Amino acid sequence: MRTRSAAAGLATVLATVLATLAACSGPSAPSDATLSGAALYARYCLACHQADGSAREGLRPALAGSALVTGPVEPLARWVMYGVRDGGPVPRRYPAVMPAYAGLSDEALAQILTHVRSYFGNHAPAVRAEDVARVRAAGGAHAG
Ligand code: HEC
């Protein structure tokens, strides 16, 4: 009798823990597929490039008005997919490294690139998932 109620008590505790875990990982972590370009930028880029895409003197360049951001898609997509680090495909110019984002989906990358090309006063055409897929297929990417 005693053992059974102890087991029942344990089951209740476990159920509560599982329900709490499910609640935590649910709404607080939406998948990339449900997020807009602006929200994806906030998730992956904002910490370094800030809300306004401005430069940090001696640390990183501005995305606002950047020729790389508003120019042809391929170099921009390569940059963000491969990141910047010593020995990587994109040569480093600043003391800090930029992470590689090849782990994101073509769709998420297209959303982010479209966002940075049409925000911060930039006016470059949208990027499609197919464009990202083509750059990815061209190879050379290691998630870093
Ligand atoms: C940990 C900080 C960090 C994060 C996060 C980050 N970057 Fe960067 N980014 C850098 C640094 C540092 C550079 C300059 C690297 C260099 O040239 O040596 C840079 C440069 C760039 C450039 C080149 C701009 C130019 O005109 O030269 C682009 C484009 C860019 N980042 C886009 C992004 C995007 C899009 C994201 C999010 C998916 C992102 N970055 C996330 C640190 C970061």
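By the count of our numbering, the sequence shown reaches residue 236 at its end, each step adding exactly one.
Beta carbons are placed, not taken as given, at the ideal position from N, Cα and C, and that holds for glycine.
Because the structure is a prediction, the values reported are computed rather than measured.
Counting along the chain, the unbroken alpha helix (DSSP H) around residue 169 starts and ends at 165-174. Taking the C-beta atoms as reference points, residue 191 is found nearer than 7 Å to residue 175.
Bridge partners of residue 177 according to DSSP: none are assigned. Our two residues, residue 217 and residue 148, have alpha carbons roughly 26 Å apart in a direct line.
With at least 16 other beta carbons inside 10 angstroms of its own, residue 206 counts as buried. In the structure shown, residue 148 adopts extended strand secondary structure according to DSSP, grouped into three states.
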